[in-house]
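Chemist:
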Amino acid sequence: MAFIGMSTDQASAQAERTDTGAQQLEQLAEELGSAVVRSSEFWIGADAEAFRASWSSTAQALRTAAGDLIARSGELCQHRDEQESASESDGAAASSGAGDEAGSATGPSAQDGPNAPGEEPYYGKVDPEVAERWESMSKEDREAVARAIIEEELEQYGIEDVPIDFALTDGNGLWSFGEDGHSISINGSVLDTPRLLHTLAHEARHAAQWEAVQDTEPGFWDWLPGVDSTADDYERLEEEHGFTREEIDSWREHWEASEEEKDPYYDRSVEVDARNAGAEFSEELTMEDLDRYEERAGVR
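First residue of the sequence shown: 1352, per our numbering; consecutive thereafter.
1. Whose CA, out of C1428, E1607, W1394 and S1405, lies closest to the CA of Q1361?
2. Alpha carbons only, please: which of G1509, E1506, A1416 and V1513 is nearest the one belonging to F1528?
3. Report the partner residues of S1534 according to the DSSP bridge assignment.
4. For F1632 and A1558, which I take to be in contact (beta-carbon distance under 8 Å), what is that distance rounded to the nearest angstrom?
5. Less than 8 Å between the CB atoms is what I'm expecting for I1501 and I1510, so what's the real figure, rounded?
6. In terms of alpha-carbon separation, which member of P1465, A1467 and N1538 lies closest to R1727?
7. Just the C-alpha distance for Y1585 and T1567, rounded to the nearest angstrom, thanks.
8. Is the beta carbon of Y1474 sitting closer than 8 Å to the one on H1549?
9. Could you pull out every residue in the same chain whose Cβ sits closer than 7 Å to the Cβ of V1650, ignoring the five residues on either side in sequence?
10. In three-state terms, what does DSSP make of I1395?
11. For D1642, which of D1521, A1555, M1488 and S1534 has the nearest alpha-carbon?
12. Just mark P1545 as buried or exposed, buried being the case when its beta carbon has 16 or more other beta carbons within 10 Å.
13. Measuring alpha carbon to alpha carbon, tell me which of N1627, L1383 and K1613 ends up nearest S1601.
14. Given a cut-off of 8 Å on the beta-carbon distance, is the pair E1477 and L1636 in contact?
15. Distance check for Y1644 and E1480, CA to CA, integer angstroms please.
16. For I1599, tell me which candidate among A1386, R1619 and P1615 has the shortest Cα-Cα distance.
17. Beta-carbon within less than 6 Å of A1563's beta-carbon, same chain only, minus the 5 sequence neighbours each way: which residues are those?
18. Taking only the alpha-carbon atoms, compute the straight-line gap between A1386 and L1519 and give it to the nearest angstrom.
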């Protein structure tokens, strides 16, 4: 008999390869961007400036391709899930192999569980019902809900009034801190991919990491009685947010290090921690949570 339909095992494996390829493209863009910036140390002049200026379009193309791969991975997983549902309704046993453990509308990950240095990135598994609702939203509603999610995540850390936009074209998300404080930008062109739910909490976590480092900087008057010391700040942050002293110090070391001294991108302490925060958010997000965010955003 000729085979008609889909091998869900092979679909899961293909989605995993696609997701891994997207991650590799993102990392490549990051590493090449750093190399291009460092070229200013040994190459100056009109040709050098033109070379560095041309990089932005190349970087955008790489990250756009990564976003497209993530979207295709999610689409493949959706078809796989539909195939499994159809097989189950026909009385056949659905077998998806690794997809049961790592698969979702976000696409499977090579490593299933908390992130750690030296391991493949893990972004969490979005509930299929949540993913379906997310993908069905209009662009305007999705951005409004995404803004509500980021704001609520920031508020948990005591951070408010952070500018949030969806104009990013280079990557999935970006947190930055400058003279005007925190800012977060999300790539609106790929926001319909449920994997980006991870990104919303991920970027908010970076802001929290920065604040924790600033809060534990030694103060001139720490030695005085009645003045909160650095030890008090570490203790408070662990009690309020679960940040350990070791974690905070590792974040400080990262931001104080030169680019050449930093760990590989996915192994950096700030990235491992933010990926775990994003994965936890994605996995714990329920339909009731999504209803609440929609109400806050005024789209219900």
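Note that CB positions come from ideal geometry on N, CA and C, so glycine has one too.
Modeler: Looking at the atomic coordinates:
1. C1428
2. It is V1513.
3. S1527
4. Wrong, their Cβ atoms sit about 14 Å apart, outside the cutoff.
5. Between I1510 and I1501 the Cβ distance is about 10 Å, and since that is not below 8 Å, they are no contact.
6. One cannot answer for residue 1727 here, as it falls past the ends of the chain, which runs 1352 to 1651.
7. 6 Å
8. yes
9. D1492, A1495 and V1496
10. I1395 falls in the coil class under three-state DSSP.
11. If you compare the alpha carbons of D1521, A1555, M1488 and S1534 with that of D1642, the shortest gap goes to M1488.
12. buried
13. K1613
14. Rather than Glu, the amino acid found at residue 1477 in this sequence is Val. For V1477 and L1636, yes; Cβs fall inside 8 Å.
15. 15 Å
16. The shortest Cα separation from I1599 among A1386, R1619 and P1615 belongs to R1619.
17. L1588, F1594 and I1599
18. 21 Å
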